[in-house]
Amino acid sequence: MGHKTSSALQIYKKLPFQIDRVDEVTEKRILSHFKGPLTGTLQVGPDKWMMPKCYLECAEKLYNVEARTDDIYLCTFPRSGTTWTQEMLWLLCNNLDYETAKSENIFVRSPFLEFESFVTGGLKDCNKELTPPAALDLLPQMTCQRVIKTHLPMKLLPHDALSKGCKIVYVARNPKDVVVSLFHFLKNPRFLYEGDFDQFVDLFMDDLLTWSPYFEHVKDGWRHRNDPNVLFLFYEDLVMNLKGSLTSLATFVGHSLNEENIPQLMEHLHIENFKENPTINQKNLAKYGSGKWVHVRRGRIGGNPEMTLEIEGRIDEKIEKHFAGTGLKFPYQ
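Here the sequence shown is numbered in the UniProt record's numbering, starting from 1 and rising by one per residue.
Encoded structure:
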């Protein structure tokens, strides 16, 4: 399907939310644990979404990204099966083109909306190597159906994404697995987390990690679960019933998935094969850090040795506090 690359009718809107720097004490606490080039933290809107200071430079552009009626947004809190689901959606929307999926960087095939907020200093060289060009440059040029990844909460999505009927897939994952996966992920060269797991859990519980607050992020997606253009999924269901989940995704995005094509698709998405796909796992990024970091790690439910009974109890209390009365319950708890 072809698309025009611009529209004279697009309405450019000012941001309807305030952006502030965090206070000095909070900033000092955050920076004492993160040694990467991303310095400075912002709080966005009344929910105080945590973003790096470079977000300020592109926030208005992000809010005004021109939506197309067939756009698909994949919205998640980090480490919720984002890249895995992103690959599913891209393949479903591109006739299961495995050749391109194995040869073209996923950031080019399926742009990461706010990634520009996270590339500074020496990592700009890394960005050129791994993710050219920036999503804000790439999106207007795309002539195919766009599958757009974002960790922004639905409240911060481009203003006409919902009004134009863009389809939104929201994936939520149990916070007990999210916090462990995020602990390992944020050791990557953009953030370089230094500290132990207990300290990291404290930052997570105090809503001081980028894209936090987690619980409000998930509730924001859950509130829209019955919207006709929104599909709310649990990561745990994707893992335990991949075949059924692929069928649901295909139906939602309006692309057929024949029964005979499912085995090959599931094999492509198998975690061990997925980890070895060079367009996905960003192994080149490791040279900018410790050399041990990988993007795709375990892809499992539970079984984390880092999770103690004390930490699990703290997270259970948070789950009860924030999700009580909403009907939201993570499967396979």
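The beta carbon of each residue, even a glycine, is placed where N, CA and C say it ideally should be.
Are the beta-carbon atoms belonging to residue i and residue j less than 8 Å from one another?
| i | j | result |
| --- | --- | --- |
| residue 65 | residue 158 | yes |
| residue 113 | residue 148 | yes |
| residue 109 | residue 90 | yes |
| residue 174 | residue 330 | yes |
| residue 17 | residue 217 | no |
| residue 204 | residue 231 | no |
| residue 307 | residue 180 | yes |
| residue 221 | residue 54 | no |
| residue 102 | residue 279 | yes |
| residue 52 | residue 115 | no |
| residue 36 | residue 189 | yes |
With DSSP run on the structure shown, which of helix, strand or coil describes residue i?
| i | result |
| --- | --- |
| residue 49 | strand |
| residue 18 | coil |
| residue 183 | helix |
| residue 200 | helix |
| residue 209 | coil |
| residue 108 | helix |
| residue 82 | helix |
| residue 98 | helix |
| residue 58 | helix |
| residue 77 | coil |
| residue 324 | coil |
| residue 63 | helix |
| residue 34 | strand |
| residue 280 | coil |
| residue 269 | helix |
Nearer than 7 Å: is that true of the beta carbon of residue i relative to any heavy atom of the ligand NAD?
| i | result |
| --- | --- |
| residue 256 | Because no ligand of any kind appears in the structure shown, any question about the ligand NAD cannot be addressed here. |
Taking only the alpha-carbon atoms, compute the straight-line gap between residue i and residue j and give it to the nearest angstrom.
| i | j | result |
| --- | --- | --- |
| residue 145 | residue 32 | 42 Å |
| residue 227 | residue 304 | 34 Å |
| residue 45 | residue 182 | 23 Å |
| residue 229 | residue 28 | 41 Å |
| residue 258 | residue 87 | 18 Å |
| residue 194 | residue 184 | 10 Å |
| residue 332 | residue 12 | 44 Å |
| residue 236 | residue 275 | 19 Å |
| residue 191 | residue 42 | 15 Å |
| residue 84 | residue 260 | 21 Å |
| residue 223 | residue 167 | 15 Å |
| residue 244 | residue 21 | 44 Å |
| residue 95 | residue 82 | 20 Å |
Starting from the C-beta of residue i, find all residues in its chain whose C-beta is less than 6 Å away, skip the five residues before and the five after it, and write them out in chain order.
| i | result |
| --- | --- |
| residue 207 | 213 |
| residue 164 | 67 and 69 |
| residue 25 | none |
| residue 233 | 171 |
| residue 131 | Bear in mind that a pLDDT of 49 at residue 131, under 50, signals an unreliable position, so the number given afterwards is only what the model happens to contain. Contacts found: 107. |
In chain order, what residues of the same chain have a beta carbon less than 7 Å from the beta carbon of residue i, not counting five sequence neighbours either side?
| i | result |
| --- | --- |
| residue 246 | 88, 257, 262 and 265 |
| residue 61 | 136 |
| residue 23 | none |
| residue 80 | 171, 172, 173, 178 and 235 |
Keeping to the same chain, check which residues put their C-beta closer than 8 Å to that of residue i; ignore five residues upstream and five downstream.
| i | result |
| --- | --- |
| residue 98 | 91, 264 and 268 |
| residue 242 | 266 and 269 |
| residue 219 | 322, 323, 326 and 328 |
- Message: Ignoring anything shorter than 4 residues, give me the alpha helix (DSSP H) runs that lie fully in the region 208 to 262, in order along the chain.
- Response: 214 to 222, 235 to 240 and 242 to 253
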